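Participant: Oh and the sequence shown: position 36 is 35 in numbering that gives the first Met the number 0, straight run, nothing missing.
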Amino acid sequence: MIAGADVSVPRAFARAMAEMWVRDGIAVGEPGAFAATVTESFAAGADSAKAASALLRGSGVRARWNDVLRRDRAAALAARIRPFLAEPLLDVLAGDGSVCRALSDLGIARLAATERTGAYAESALPAATDFRPFAEDVDLSQFGASTALLSTVLHHEPDPVRLLDAVARAAVPRWIVVENCVTAEYSRPFHQFADRFFNNCLNEFGVDCVEQHRTLDEWVDLLARYGSVTIADAAFTVPGIPFPYSLLVVGL
Ligand SMILES: C[S@@+](CC[C@H](N)C(=O)[O-])C[C@H]1O[C@@H](n2cnc3c(N)ncnc32)[C@H](O)[C@@H]1O
Numbered sequence: 000m001i002a003g004a005d006v007s008v009p010r011a012f013a014r015a016m017a018e019m020w021v022r023d024g025i026a027v028g029e030p031g032a033f034a035a036t037v038t039e040s041f042a043a044g045a046d047s048a049k050a051a052s053a054l055l056r057g058s059g060v061r062a063r064w065n066d067v068l069r070r071d072r073a074a075a076l077a078a079r080i081r082p083f084l085a086e087p088l089l090d091v092l093a094g095d096g097s098v099c100r101a102l103s104d105l106g107i108a109r110l111a112a113t114e115r116t117g118a119y120a121e122s123a124l125p126a127a128t129d130f131r132p133f134a135e136d137v138d139l140s141q142f143g144a145s146t147a148l149l150s151t152v153l154h155h156e157p158d159p160v161r162l163l164d165a166v167a168r169a170a171v172p173r174w175i176v177v178e179n180c181v182t183a184e185y186s187r188p189f190h191q192f193a194d195r196f197f198n199n200c201l202n203e204f205g206v207d208c209v210e211q212h213r214t215l216d217e218w219v220d221l222l223a224r225y226g227s228v229t230i231a232d233a234a235f236t237v238p239g240i241p242f243p244y245s246l247l248v249v250g251l
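(1) Write down every uninterrupted run of the alpha helix (DSSP H) in the stretch 123-192 whose length is 4 residues or greater and which is fully enclosed by it, in chain order.
(2) Are the stretch 78-90 and the stretch 106-114 touching by the rule of at least three beta carbon pairs closer than 8 Å?
(3) By the DSSP assignment, the beta strand (DSSP E) with R115 in it spans what residues?
(4) Using a threshold of 8 Å, state whether the C-beta atoms of L222 and V176 are closer than that.
(5) With H, G and I counted as helix, E and B as strand and the rest as coil, what does DSSP make of D66?
(6) Cβ of V67 within 8 Å of Cβ of G239?
(7) Does the stretch 136-153 come close enough to the stretch 163-170 that 3 or more CB-CB pairs lie under 8 Å?
(8) Ligand 1 and H212: does any heavy atom of the ligand fall closer than 7 Å to the residue's C-beta?
(9) Tell me the residue span of the beta strand (DSSP E) that contains A118.
(10) In chain order, what residues of the same chain have a beta carbon less than 6 Å from the beta carbon of L162, not counting five sequence neighbours either side?
(11) Please state whether DSSP places T36 in a helix, a strand or coil.
(12) Which residues does DSSP pair with L89 in a beta bridge?
(13) Report whether the distance from the Cβ of V152 to the nearest heavy atom of ligand 1 is below 7 Å.
(14) Rounded to the nearest angstrom, what separates A233 and V219 at their Cα positions?
(15) Ordered along the chain, which non-local residues of its own chain (more than five positions away) have a Cβ less than 6 Å from that of L54?
(16) Please confirm if the stretch 22-32 is in contact with the stretch 199-206, defined as three or more CB-CB distances below 8 Å between the two stretches.
(17) Is it true that the CB of D158 sits closer than 8 Å to the CB of Y119?
(18) Quick one, are the C-beta atoms of A263 and F142 less than 8 Å apart?
(19) So, using beta-carbon positions, are A85 and T146 closer together than 8 Å?
(20) Pull up the distance between the alpha-carbon of L215 and that of Y185, whole angstroms please.
(21) How is the alpha helix (DSSP H) around D220 delimited, first residue to last?
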């Protein structure tokens, strides 16, 4: 660790990660010890962070973890989201498209998606998806969506209000928001560490992490500027994710 650094967050993350590996069937020899080694190395500075990444890759944990994220996380989210959506659904910043793919597997046919060009090397989007690249000045009304999905997107945006304003301008009547919220157990620094770990250790996502994490109440307050907000689920477990997600539905 860097001298004088607060070790409580890396330790809490290591514990949550090891528990998640066991819970979600991601095979790791000695999960507690391996999680502590990887996390301490990641927290110790740039050079040792590369070693942490190499450990995840070389042990096969990275590949097994990413498989769970692509398959099981996406399936779990699709099952949660489905009861609240009306087609066509627009997946705003759809990432690798795995959630759209899982929604399609559940029979959702009319899907649209947008993502920043070059953000993801591979796409799992179903072929029939109406995909258009995302731009800061995008007109989201072109998708004609009845539901907008913002799945673990808002806390990554330097200006989440700007993105929400774009969805509001498109007059999409229902929004489904998935967020990982700040709680007493999962602090703001914990989520910031998790973002950096996912982007710079598990995978390589070449965009800086921003500090837009909020509590569930803070998300409700922000979303209530746009419509009526329902907390569909305050906290649920998602495969591959070492902290809970929350599900909110906004009606305009
Ligand atoms: C965790 S991904 C979620 C993707 C997809 N909605 C899902 O749930 O699978 C976060 C989204 O935020 C965007 N993003 C912006 N800045 C980011 C950052 N620093 N780290 C990760 N994602 C970032 C990505 O383009 C991506 O679409």
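Virtual Cβ for every residue (Gly too), placed ideally from N, Cα, C. Fair warning: this is a prediction, and the values are worked out from it, not measured in the lab.
Facilitator: So, from the data block:
(1) 159-168
(2) yes
(3) L110 to R115
(4) yes
(5) helix
(6) yes
(7) yes
(8) no
(9) Segment: none, A118 is in no beta strand (DSSP E) and carries neither H nor E.
(10) E156
(11) helix
(12) A111 and A147
(13) yes
(14) 11 Å
(15) V37
(16) no
(17) no
(18) Any answer about residue 263 is impossible in this case: the structure gives the chain only from 0 up to 251.
(19) yes
(20) 12 Å
(21) L215 to L222
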